[in-house]
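Trainee: Chains A and B, in that order, are what the protein sequence lines are.
-8 is the number of the first residue of the first sequence in my numbering; add one for each residue after it.
209 is the number of the first residue of the second sequence in my numbering; add one for each residue after it.
Even glycine gets a Cβ: it sits at the ideal position worked out from N, Cα and C.
Provided herewith is a single structure, encoded as structure tokens, for subsequent inquiry.
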Amino acid sequence: MWQITSAIFLGWALGANDAANIFGTAVASRMIRFWTAASVCLVFVLLGAVLQGQAGIATYRSMSSISLNAAFLVALSSALTVTLMTFLKLPVSTSQAVVGSLVCMGLVEGTFRWQMLGKVVICWVGTPLGGMIFTVILYFLVGKFLNGLHLNLFQYDKYLRYCLMTGGAYGAYTLGANNVANVTGPFTGPGMLTPFEACLVGGLSIGLGIFTYSKRVMITVGEKIVKLDAYTAFIVILAGAVTVHIFACIGVPVSTSQAVVGGVLGVGLAKGVRTIHIKRVYRIFYAWVGTPTICFAVTFLLYLLLNRLPAL
Amino acid sequence: MVFFWKKQTEVRQMINKYLDTVDACMEQFRESMMRFLVTGCTQEFEREFEKVHKFESEADDLRRKVEMTLYGKALLPDSRGDLLVLLEFYDRIPGVAEDALFLTKVLCLEIPEEMLEDVQKLVEVNVEAYSRVRESMNTLFDNPNETLDQTRGVDAKESESDKLERTLIERTFKSDMDVGEKMLFKELVQLVGKISDQAENTADRIGIVAIKRQI
Chain A
-8 MWQITSAIFL
2 GWALGANDAA
12 NIFGTAVASR
22 MIRFWTAASV
32 CLVFVLLGAV
42 LQGQAGIATY
52 RSMSSISLNA
62 AFLVALSSAL
72 TVTLMTFLKL
82 PVSTSQAVVG
92 SLVCMGLVEG
102 TFRWQMLGKV
112 VICWVGTPLG
122 GMIFTVILYF
132 LVGKFLNGLH
142 LNLFQYDKYL
152 RYCLMTGGAY
162 GAYTLGANNV
172 ANVTGPFTGP
182 GMLTPFEACL
192 VGGLSIGLGI
202 FTYSKRVMIT
212 VGEKIVKLDA
222 YTAFIVILAG
232 AVTVHIFACI
242 GVPVSTSQAV
252 VGGVLGVGLA
262 KGVRTIHIKR
272 VYRIFYAWVG
282 TPTICFAVTF
292 LLYLLLNRLP
302 AL
Chain B
209 MVFFWKKQTE
219 VRQMINKYLD
229 TVDACMEQFR
239 ESMMRFLVTG
249 CTQEFEREFE
259 KVHKFESEAD
269 DLRRKVEMTL
279 YGKALLPDSR
289 GDLLVLLEFY
299 DRIPGVAEDA
309 LFLTKVLCLE
319 IPEEMLEDVQ
329 KLVEVNVEAY
339 SRVRESMNTL
349 FDNPNETLDQ
359 TRGVDAKESE
369 SDKLERTLIE
379 RTFKSDMDVG
389 EKMLFKELVQ
399 LVGKISDQAE
409 NTADRIGIVA
419 IKRQI
């Protein structure tokens, strides 16, 4: 049972980092208080995890059937990689870290199935692309709808607040639905947790991260997004949520941050201005290749190290 | 969330109160200038100047209150920033009106009779330019579709004021007035005309705020 602690650690790191992509704007602009945002986020992350989180778990199970100790190592090395890379300010994605680690343990235990990896990688590439395409579509569709309402300055402000709140709630739901597999998915293979238990524990540990450590990240990320303006920030959050939701239905955990970056690029296309620098695109490529590679190496090193300890 | 809607309503009420006070200030300015043009520098005129000054100070205080509430995060950052800039622009109009009236009081010029009608017209046109700005603000808060049409009306009044200003200045320098008086009168005419210039600048800002909300 103690092995689950590494999953809780990973869920905590994921909640602390990824909630900022959803409620950063609202909290940084003090539209809603952090505790309100965190509570809404927790409720919807849990709902998403419990109602739609099982598809991602099924994907990880079909990717590799690893032992309980290997599952512990996957979660631990992913959490360490994410924490270390965040500390070093390097681009990182929890989903890509978990896959890198799963590949490593699957190869070590000889249970890895390569067929699923192709599907996962295609979804990684599709995440920023989806964020970009949905942003362009939603920018014009929602814009047309709002223009049709003929809102005055105060009504416009009020509507946008509602939009940011509901968009954030939807984003939290998709975060739970899509990313819970990263946290506890590897533990369902060895049978330690049922898929429902995995979703519940995963959702709660993400919530723990949101409540204990996401405030500062929300303010930092939120202030960057606010620079877009409230409407485009809402569209980016919504487009990111729709993209992540689609991949949750397909059953492939992806990066919410990369969906948001794709969305920012989409804003540039919709407005006909440059919103992103080549450096940011490079960071996505780096995360695609760098995160799983580093996590693969960390997992292997930990495996070698822990294998020498008699207790494991 | 309800707390924020309350704050938003509070801001709107405060802005309305501010706009009403500026209205009163500009109406008082018009009345005072008309009195001056009819009766000259009387004690009554000086008392009326004090009323304009009082309204202008009151409007300043109200604007500061609105700004403080806005800085207290009453609206989204975009709307907050737009309103703060807009109020700064709007507040310059009564400021210029007060300056023009103060100069009138200090100079106490005797305006040639043949120019009185044009000066009256200049005052009326400039106060009308302000009224159009006020209407533009109303549409921004109530019916944004009409905002841009309203702001065009301010442009028209500003052009009218410019023409009147030039005509008056030309006539001044052709008149028998003393050279010093000519210069002072020119300055006064230009200061009154500045009201519509400021109104035009404010109308431009209002237009930008309206356009920014069209996606």
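Listed from N- to C-terminal order along the chain, which residues in the stretch 46 to 59 of chain A have their beta-carbon within a distance smaller than 7 angstroms of any beta-carbon of chain B?
Mentor: Cβ contacts with chain B: none found.
Trainee: So which residues on chain A does L284(B) lean against when the C-beta distance must stay under 7 angstroms?
Mentor: Residues of chain A passing the Cβ test: S20, M22, D148, L151, R152 and A221.
Trainee: By the three-class DSSP mapping on this structure, what secondary structure does S56(A) have?
Mentor: coil
Trainee: Find the residues of chain A that neighbour R206(B), judging by a C-beta separation of less than 7 angstroms, and give them in chain order.
Mentor: Coverage of chain B is limited to positions 209 through 423, which leaves residue 206(B) absent and any answer about it impossible.
Trainee: Pull up the CB-CB distance for F35(A) and A160(A), whole angstroms please, since I reckon it's below 8 angstroms.
Mentor: 5 angstroms
Trainee: Are the Cβ atoms of D9(A) and N143(A) separated by less than 8 angstroms?
Mentor: no
Trainee: Please tell me whether D384(B) has its Cβ less than 8 angstroms away from any Cβ of chain A.
Mentor: no
Trainee: In the DSSP assignment, what are the bridge partners of F103(A)?
Mentor: DSSP lists S55(A) as the beta-bridge partner residues of F103(A).
Trainee: Which class does G44(A) belong to by DSSP, given the choice of helix, strand or coil?
Mentor: coil
Trainee: Got a sec? Which residues, its chain only, sit under 7 angstroms from L303(A) by beta carbon, not counting five neighbours each side?
Mentor: With a pLDDT of 47 at L303(A), under the threshold of 50, the modelled position of that residue is not reliable, and the figure given next carries that caveat. Closer than 7 angstroms at the Cβ level, and outside the excluded window around L303(A), lie N60 and L297.
Trainee: If you measure between the beta carbons of L108(A) and V65(A), is that distance less than 8 angstroms?
Mentor: It is not a contact, given that the beta carbons lie outside the stated cut-off.
Trainee: Return helix, strand or coil for L303(A), following the three-state DSSP convention.
Mentor: Reliability of the predicted coordinates at L303(A) is poor, the pLDDT of 47 falling under 50, and the value obtained from them is presented with this limitation in mind. Of the three classes helix, strand and coil, the one that applies to L303(A) here is coil, per DSSP.
Trainee: Tell whether a beta-carbon distance below 8 angstroms holds between Y130(A) and I226(A).
Mentor: Yes, the pair counts as a contact, with Cβ atoms nearer than the cut-off.
Trainee: Nearest-angstrom Cα distance between E264(B) and M222(B)?
Mentor: 16 angstroms
Trainee: Chain A partners of S287(B), CB-CB under 9 angstroms?
Mentor: L144, F145, Y147, D148, L151 and A221
Trainee: Fully enclosed by the stretch 372 to 409 of chain B, which beta strand (DSSP E) runs are 3 residues long or longer?
Mentor: none
Trainee: Between the stretch 345 to 361 of chain B and chain A, which residues of the former have a C-beta closer than 8 angstroms to a C-beta of the latter?
Mentor: L348, F349, D350, N351, P352 and N353
Trainee: In chain order, what residues of the stretch 116 to 141 of chain A put their CB closer than 7 angstroms to some CB of chain B?
Mentor: Taking 7 angstroms as the cut-off between beta carbons, the residues of the stretch 116 to 141 of chain A near chain B are G134, L137, N138 and H141, in sequence order.
Trainee: Does any CB atom of chain B fall closer than 8 angstroms to the CB of L303(A)?
Mentor: Since pLDDT at L303(A) reaches only 47, below the 50 mark, its modelled position is unreliable, and no value is offered.
Trainee: Please list the partners that V230(B) has in chain A, where partner means a Cβ-to-Cβ separation under 7 angstroms.
Mentor: In chain order: nothing, as chain A lies at least about 18 angstroms away.
Trainee: When the Cα atoms are used, what is the spatial distance from F178(A) to A261(A)?
Mentor: 42 angstroms
Trainee: I'd like the ranges of any alpha helix (DSSP H) spanning at least 4 consecutive residues and lying wholly in the stretch 279 to 335 of chain B.
Mentor: Counting only runs of 4 or more, we get 285 to 315.
Trainee: Return no unless some Cβ of chain A is closer than 8 angstroms to the Cβ of I416(B).
Mentor: no
Trainee: With 16 other CB atoms within 10 Å as the buried threshold, where does L195(A) fall?
Mentor: Buried, because 16 or more other Cβ atoms sit within 10 Å of the Cβ of L195(A).
Trainee: Take I201(A) and list the residues in its own chain whose beta-carbon comes closer than 8 angstroms to its own, dropping the five residues that flank it on each side.
Mentor: G6, A7, A10, A29, C32, L33 and V36
Trainee: Going by C-alpha to C-alpha distance, which of D269(B), V400(B) and V219(B) sits closest to K329(B)?
Mentor: V400(B)
Trainee: Per DSSP, what kind of secondary structure is D220(A) in: helix, strand or coil?
Mentor: In the structure shown, D220(A) sits in coil (DSSP, three-state: anything other than H, G, I, E or B).
Trainee: Thinking L267(B) and V230(B) are a contact (beta carbons under 8 angstroms), I'd like their distance in whole angstroms, please.
Mentor: First, the amino acid is wrong: residue 267(B) is Ala here, not Leu. Confirmed, Cβ separation roughly 5 angstroms.
Trainee: If you draw a straight line from the alpha carbon of G2(A) to that of L284(B), how long is it in whole angstroms?
Mentor: 32 angstroms
Trainee: Does the beta-carbon distance from G91(A) to F291(A) come in below 8 angstroms?
Mentor: no
Trainee: At least one CB of chain A closer than 8 angstroms to the CB of R421(B): is that the case?
Mentor: For R421(B), the answer is yes, since a Cβ of chain A falls inside 8 angstroms of its Cβ.
Trainee: What residue from K273(B), G388(B) and E296(B) has the CA that sits closest to K215(B)'s CA?
Mentor: K273(B)
Trainee: Give the residues of chain A in contact with Q216(B), contact being defined as C-beta atoms less than 7 angstroms apart.
Mentor: F145, D148 and K149
Trainee: Excluding the 5 residues flanking A46(A) on each side, which residues of the same chain have their C-beta closer than 6 angstroms to its C-beta?
Mentor: Non-local C-beta neighbours of A46(A) in its own chain, meaning closer than 6 angstroms and more than five positions away in sequence, comprise G242, ordered along the chain.
Trainee: Please return the same chain residues whose Cβ sits closer than 7 angstroms to the Cβ of R152(A), not counting the five positions on each side in sequence.
Mentor: M22
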